[in-house]
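Peer 1: Going line by line, the protein sequences match chains A and B.
Here our numbering is used: the first residue of the first sequence is 1, the next is one more, and so on.
Here our numbering is used: the first residue of the second sequence is 1001, the next is one more, and so on.
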Amino acid sequence: MTQPSPVRRRVDPRAERAARTILTGQRPRLLPQPVAVAVNGRRRDPRALRAAALVQIQPRPRYDWARDAASAGATAAVGIGVAATPAIPLQVIAEPAYLILAMLDRPGGEVSEHDRQVIAAARLLADAGGGAVVTVSTGSGDALAEAGSDRHVALPDGWADDYVPERRAAAASALMAALSPRHILFPDSPDGGDVARRVAAAAGERLFAGVQSLGPDRATRQSAGGSLEAGHRPTRLMTVAVDAFPPLDGVRHEARPLDLAAPVMAGEELPPRLGGARRLAVDPDALSLSETDFILSAGNGVTDWQSFAELGEALGATRAGSRVVCDAGHLPRERQVGASGMVVSARCYLAFGIAGAPQHLQGITGVRHVIAVNTDLHAEMIKRADLSIVADAQAVMPALIRLIRERRHA
Amino acid sequence: MLDVAVLLSIGRHPVSGRARRAATDAQALEMALALRPRRLTAIHAGPPTDGEALRAYLGMGLERLTHLVLSEGADPVEPLIAHLRQFDPSLVLTGRQAEDGEGSGMLPYLIARGLDAAVVPDVVRIGPADAPNSIPGAADLVQALPRGQRRALTATGRFVATIHPSAPPARASAYGPARRGVIEPVAAQATADLFLSDCEHRPWRPKPKLMRVKRGGSALDRLKAATESKSGKGQLLVNPTAEAGALAIYDSLVEQGMLP
Ligand SMILES: Cc1cc2nc3c(=O)[nH]c(=O)nc-3n(C[C@H](O)[C@H](O)[C@H](O)COP(=O)(O)OP(=O)(O)OC[C@H]3O[C@@H](n4cnc5c(N)ncnc54)[C@H](O)[C@@H]3O)c2cc1C
């Protein structure tokens, strides 16, 4: 950019006009004025602003006027939702006044939604007086920084898979003695709640189970079968009910490994009285649709019910269907997915010949991974799916059965 | 399984609030009856007013039931431990959580501590160990896990098991046996539960459901997250051969961990 001169050159309209005049020919002609020769900084260009604010053209234009016009050119090309994210400032609690322990489940190594809620509850207690949240789980603490953990104690990796609740409880008791935290929170899940009760029984302390609301001087829980609310000062040991606290968002803490004087695993002296734990194979069709993790679903596009049944068996998936299928009697009524059937929360949903009516899609909003097979490229189900195959269900089903059997024998 | 004790509490109907047999306690009694133990001890600890609702348990085929009579607001743990010590049962069955009162689910753990026994939560099946090399007295258990999964394990020595709601359903209670059965009141000494009287109680008011709305981003993003149904990553294969389609599905399932 050139430096703008303090005195602008005067426009001489006569000279400009003379420059554009062509005198050859019968009479003088004037060339058209070049567009936007002089760029005036003070002048708005409404068209350019409009083009920069356009974030979506299909199905109808949408404008985002809050965006910075300068950066708009770049983001508009990429699409929606790339608004520049400001870096979240790191919150450091160097000298904590006290510690709040959060004992997490981390089923299968993932930080579950419930685990995040427990950390959020722990932050409520910690932030009230300059305390720090110490998370305890298998695996590293990196994934927990954005959930709100200040310090992390990693349990040995081998503990993630085997079921020895007595060992976890012993580790929690050892940490309780070593760190003397002000509060210890557990998720009120089958495993977390079990460990919490073991710790409470061993320590002879009162457990405040299933906390629904929490503050530095008052915690509440449901009692008498959910008909009463019991309130008390927060006790040392508490379990946090599921979906009672929103997980934290937009925070970043250190999640730095805590150095302990002695390793946590001091609890190996007594031999565990429970042993030989192993998962049992369960019949997928005996599970209710709301419980199962993997659903094979059929719609009106399926006519080969023999293959469908065989495929369900080969995959080990629970069979389900759309309303049309259940109305026709191909599957029992309790196997219907959708608004008037079951709302499912499976991890994987494999749909053959389902159009994806709104009533059906309502039933699968909680599903993480959807695979659809349909002959119609424009079916709603194809839009919803993570993997869509436009093909005949009657051809893909036997091919898939063959492939699974081949791979199993290979 | 020679000697089984069942702990029975008074339940509370979730809608009408009337006293009834507690659902998982009745399932625990069902499991105890199905085990055909040499001796079955059924115990209830609570105030003397509890009598009528206990008859529903007797109607399931139980001949006698011990009622440890406590004063209102007393802690039942100590009297129960003292009473169980006299019988020295090899297995104690309880429900998962009381339907009335504090309902913290701590009682099985405290009893186990008092009896120096192991605790196994969420049991759906109990049988004698059938592996050839197992220790005598060991029991095979099946535990219910979330999402309908099951886990088998063995327990050695004495243990306390809490019953999961997906255990075999309790049989219906018949009127005749319920009248004929005997409730034996036993006076017991108990200390008052100070923690519970320290809590303030008020009627539970349902809270608004927690919505998972993503914060941050533009108003447009938040609106989209709240209103639009999730759409997938959208990998699309148009008219592949059946084999190619099947292979794509297979790979995707393996990636999701649904197939080995
Ligand atoms: C009040 C109300 C409540 C409802 N509740 C529910 C509910 O809970 N659950 C529910 O499912 N429905 C419900 N419905 C019905 C819903 O509106 C749809 O009618 C229904 O979901 C359609 O089922 P479908 O996709 O199996 O059949 P169709 O709409 O007939 O779609 C069949 C699909 O299969 C495809 N196809 C055809 N042949 C093949 C082939 N050879 N290979 C592959 N694909 C093929 C077609 O392209 C089409 O997309 C409800 C309706 C109402 C009015």
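Think of the CB as a built atom: it goes at the ideal place given N, C-alpha and C, for glycine as much as any other residue.
#1: Would a C-beta distance cut-off of 8 Å place B:Val1004 and B:Leu1040 closer than the cut-off?
#2: Heavy atom of ligand 1 less than 7 Å from the Cβ of A:Val324, yes or no?
#3: Closest to A:Leu185 by C-alpha separation, out of A:Pro165, A:Ala203, A:Gly210, would be which residue?
#4: If we define contact as Cβ-Cβ less than 8 Å, is B:Gln1256 a contact residue for chain A?
#5: Tell me whether A:Leu415 is buried or exposed, calling it buried when 16 or more other Cβ atoms sit within 10 Å of its Cβ.
#6: Confirm the yes/no value for this check: CB of A:Ala372, any heavy atom of ligand 2, distance under 7 Å.
#7: Verify the contact flag: B:Asp1193, CB atom, against every heavy atom of ligand 1, threshold strictly below 7 Å.
#8: First and last residue of the beta strand (DSSP E) that includes B:Leu1194?
#9: Please tell me whether A:Arg62 has its Cβ less than 8 Å away from any Cβ of chain B.
#10: Tell me where the beta strand (DSSP E) around A:Ser223 begins and ends.
#11: Flag this pair as yes or no: are the beta carbons of B:Ser1009 and B:Gly1095 separated by less than 8 Å?
#12: What three-state label does DSSP hand A:Ser297 in the structure shown?
#13: Going straight from the alpha carbon of A:Asp188 to that of B:Leu1237, what length do you get?
#14: Just tell me which of B:Gly1011, B:Val1186, B:Asp1251, B:Gly1245 has its CA closest to the CA of A:Ala399.
#15: Whose Cβ in chain B lies nearer than 9 Å to the Cβ of A:Leu403?
#16: Are the segment 131-139 of chain A and the segment 152-162 of chain A in contact at 8 Å, needing three or more beta carbon pairs?
#17: Am I right that B:Ser1173 and B:Ala1056 are in contact with their C-beta atoms under 8 Å? What's the rounded C-beta distance?
#18: What whole-angstrom Cβ distance do B:Trp1204 and A:Ser227 have, given they're in contact under 8 Å?
#19: What are the start and end residues of the alpha helix (DSSP H) that includes A:Pro46?
#20: Measure the CB-CB distance between B:Ala1219 and B:Val1160 and report whether it falls below 8 Å.
#21: Check whether the Cβ of A:Asn411 sits closer than 7 Å to any heavy atom of ligand 1, and report yes or no.
#22: By DSSP's criteria, B:Gln1143 is part of a beta bridge. Which residues make up the other side?
#23: Cβ of A:Gln394 versus every heavy atom of ligand 1: is any distance shorter than 7 Å?
#24: Who are B:Ile1183's beta bridge partners in DSSP?
#25: Please confirm whether any heavy atom of ligand 1 lies closer than 7 Å to the CB of A:His360.
#26: For A:Asp285, does the three-state DSSP call read helix, strand or coil?
#27: Which chain A residues are close to B:Ser1104, counting only those with a beta carbon under 7 Å from its beta carbon?
#28: On the three-state DSSP scale, how would you describe B:Pro1037?
#29: Quick one: list the residues of chain B neighbouring A:Ala66, beta-carbon separation under 7 Å, in chain order.
#30: Give me, in chain order, the residues of the same chain whose beta-carbon lies closer than 7 Å to that of A:Asp21; leave out the 5 immediate sequence neighbours on both sides.
#31: Which bits of chain A does B:Leu1093 rub up against, with CB to CB less than 7 Å?
#32: Report all residues from its chain with a CB closer than 6 Å to the CB of B:Arg1038; omit the five preceding and five following residues, and keep chain order.
#33: Given a threshold of 16 other Cβ atoms within 10 Å of its Cβ, counted over all protein chains shown, does A:Asn374 qualify as buried or as exposed?
#34: Taking the alpha-carbon of A:Asp142 as reference, which of A:Leu175, A:Arg167, A:His253, A:Asp115 has the nearest alpha-carbon?
#35: Mind checking B:Tyr1175: buried by the 16 CB within 10 Å criterion, or exposed?
#36: Mind checking if A:Ile119 is an interface residue toward chain B, Cβ cutoff 8 Å exclusive?
Peer 2: Taking the coordinates as given:
#1: At a Cβ-Cβ threshold of 8 Å, B:Val1004 and B:Leu1040 count as neighbours.
#2: Checking the Cβ of A:Val324 against ligand 1 gives yes.
#3: Nearest in C-alpha terms to A:Leu185, of all of A:Pro165, A:Ala203, A:Gly210, is A:Gly210.
#4: Yes, its Cβ sits closer than 8 Å to a Cβ of chain A.
#5: Nothing can be reported for residue 415 of chain A, as the shown portion of chain A is limited to 1 through 410.
#6: Ligand 2 is absent from the structure shown, which contains only ligand 1.
#7: For ligand 1, not one heavy atom lies less than 7 Å from the Cβ of B:Asp1193.
#8: For B:Leu1194, no beta strand (DSSP E) encloses it; the enclosing alpha helix (DSSP H) starts and ends at 1194-1198.
#9: Cβ-Cβ to chain B under 8 Å: yes for A:Arg62.
#10: Residues 218-223.
#11: Taking 8 Å as the Cβ cut-off, B:Ser1009 and B:Gly1095 qualify as a contacting pair.
#12: DSSP places A:Ser297 in strand when its eight states are reduced to three.
#13: Answer to the nearest angstrom: the Cα atoms are 43 Å apart.
#14: Ranking B:Gly1011, B:Val1186, B:Asp1251, B:Gly1245 by CA distance to the CA of A:Ala399 puts B:Gly1245 first.
#15: Those within 9 Å of A:Leu403 in chain B are Glu1243, Ala1246, Leu1247, Ile1249, Tyr1250.
#16: The answer is yes - the segment 152-162 of chain A touches the segment 131-139 of chain A, with three or more Cβ pairs under 8 Å.
#17: Rounded, the Cβ-Cβ distance is 5 Å, consistent with contact.
#18: About 6 Å separates the CB atoms of B:Trp1204 and A:Ser227; that is less than 8 Å, so the two are in contact.
#19: Here the alpha helix (DSSP H) through A:Pro46 covers 46-53.
#20: For B:Ala1219 and B:Val1160, no; Cβs fall outside 8 Å.
#21: For residue 411 of chain A there is no data in the structure shown, the boundaries of chain A being 1 and 410.
#22: Beta-bridge partners assigned by DSSP to B:Gln1143: B:Val1123, B:Arg1151.
#23: It does: the Cβ of A:Gln394 is within 7 Å (strictly closer) of some heavy atom of ligand 1.
#24: The partner list for B:Ile1183 (beta bridge, DSSP) reads B:Leu1065.
#25: Under cutoff, so the answer is yes.
#26: The three-state reading of DSSP puts A:Asp285 in helix, counting H, G and I together.
#27: Residues of chain A passing the Cβ test: Leu207, Ala209.
#28: Under the three-state reduction of DSSP, B:Pro1037 is assigned to coil, being neither helix nor strand.
#29: Under the 7 Å cutoff, chain B gives Ser1218.
#30: Before going on, a small fix: residue 21 of chain A reads as Thr here, not Asp. Contacts found: Pro28, Leu30.
#31: Those do not exist, as B:Leu1093 stays about 16 Å from chain A at its closest Cβ, beyond 7 Å.
#32: Here B:Arg1038 has Leu1002 as same chain residues with Cβ atoms under 6 Å from its own Cβ, once five neighbours each way along the sequence are excluded.
#33: Buried: at least 16 other Cβ atoms inside 10 Å.
#34: Closest option to A:Asp142, judged by alpha-carbon separation, among A:Leu175, A:Arg167, A:His253, A:Asp115: A:His253.
#35: By the neighbour-count criterion, in which a residue is buried when 16 or more other Cβ atoms sit within 10 angstroms of its Cβ, B:Tyr1175 is exposed.
#36: Against chain B, the CB of A:Ile119 has no partner CB under 8 Å away; the residue lies outside that interface.
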